[in-house]
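Structure first, then comments.
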Amino acid sequence: MNTETVTIKTAHGEMQTFVAYPDSSPSPCILVLQEAFGVNDHIKDIAIRFAKEGYLAVAPELYYRTAPPGFAGSYEDFMALKPHFSQLTPENLRSDLDAVLDWIKTNPKSIPDRIASIGYCLGGYVSFLANSLYNFKAAVSYYGSRIVQTSEEYAPKQNAPLLLVWAGKDRSVKQTHIAAISELLKTSGKNYVELVFSEAEHGFFCDARAAYHKSSAAQAWAITLAFLKEHV
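In this note's numbering, the protein residues as written are 100 to 331.
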């Protein structure tokens, strides 16, 4: 397994992207979509973990319009991130993801028809959005609270099998929200799996955050790997 940081040209500038390569090649690919705090050590660690499982893992720095390369925000100052995530409109995200997917599909180390997405926090919403735009093999969203505001538009458009991972103690996502999203997916005939970890808070998968919940994170990781193995 090895890693590199590449620069991907987009319609709006150059986007630095962290890439982790598995030992085997060519490989199925997974798009690792950042938390609101950027492509920090945690997101890079996740990409490396996926590479060790045999995936070419690609983590683009979605804040490239407003933040310097390598930007990582503070877990203690969420509001400072607003100038960055406010630029991530559906139109801008689609433009960025187009560029990333073009890079993946032209990389000889990838299997271009075996791509999945996974995202955490902000990235959980981006993964949900992306699965409505592209023909992935699978998509995974961890506590993507912005899905609540966009589910009526994007739930009926989900393409690949979807794994939704929620935190039962997430103050930004109520049980009624989860039920409503589930109902939309169900009535739209979508293939989805829904997990709710009752003792976990938003951000529970990140071992650098106070919300880290070890047992929930371990279970979520095992189920995520099984889900991806089934579909990708």
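Glycine included, C-beta positions come from ideal geometry on N, C-alpha and C.
Item, Value
"Exposed unless 16 or more other CB atoms sit within 10 angstroms - verdict on G169", "exposed"
"Cutoff 6 Å; reference S124; Cβ partners in own chain excluding five residues on either side", "K208"
"Short Cβ contact (9 Å threshold) for A299 with K328", "no"
"Boundaries of the alpha helix (DSSP H) in which R193 is found, first to last residue", "189–204"
"Any non-hydrogen atom of the ligand COA within 8 Å of V157 CB", "Ligands displayed in this structure: none; no statement on the ligand COA is therefore possible."
"Whether D195 touches P159 by CB criterion (9 Å)", "yes"
"For L132, the three-state DSSP class (helix, strand or coil)", "strand"
"DSSP three-state assignment for S315, whether helix, strand or coil", "helix"
"Spatially closest choice to L161 from P189, K236, E175, Y241, by CA coordinates", "P189"
"In chain order, each alpha helix (DSSP H) run of at least 4 residues that lies wholly inside the segment 250–288", "274–286"
"Close-in-space but distant-in-sequence residues of the same chain around K151 (CB under 8 Å, 5 per side omitted)", "M100, P121"
"Start and end residues, beta strand (DSSP E) containing P211", "209–219"
"Simplified DSSP assignment, three categories, for F184", "helix"
"Assigned secondary structure, E329 (DSSP; H/G/I helix, E/B strand, else coil)", "helix"
"CA-to-CA distance, N234 to A254, given in whole angstroms", "15 Å"
"Residue span of the alpha helix (DSSP H) that contains F149, given as start and end", "140–151"
"At least three beta-carbon pairs within less than 8 Å, the segment 279–291 to the segment 111–121", "no"
"Short Cβ contact (9 Å threshold) for V157 with G223", "no"
"The segment 313–324 in contact with the segment 274–283 per 3-pair CB rule at 8 Å", "no"
"Straight-line gap, F326 to S126 (C-alpha atoms, nearest Å)", "17 Å"
"Among A166, T106, V199, Y174, the one whose alpha carbon lies nearest that of S185", "A166"
"Cβ neighbour criterion (16 or more within 10 Å) applied to E134", "buried"
"A307 versus H141 - alpha carbon distance", "7 Å"
"Limits of the unbroken beta strand (DSSP E) element including A156", "155–159"
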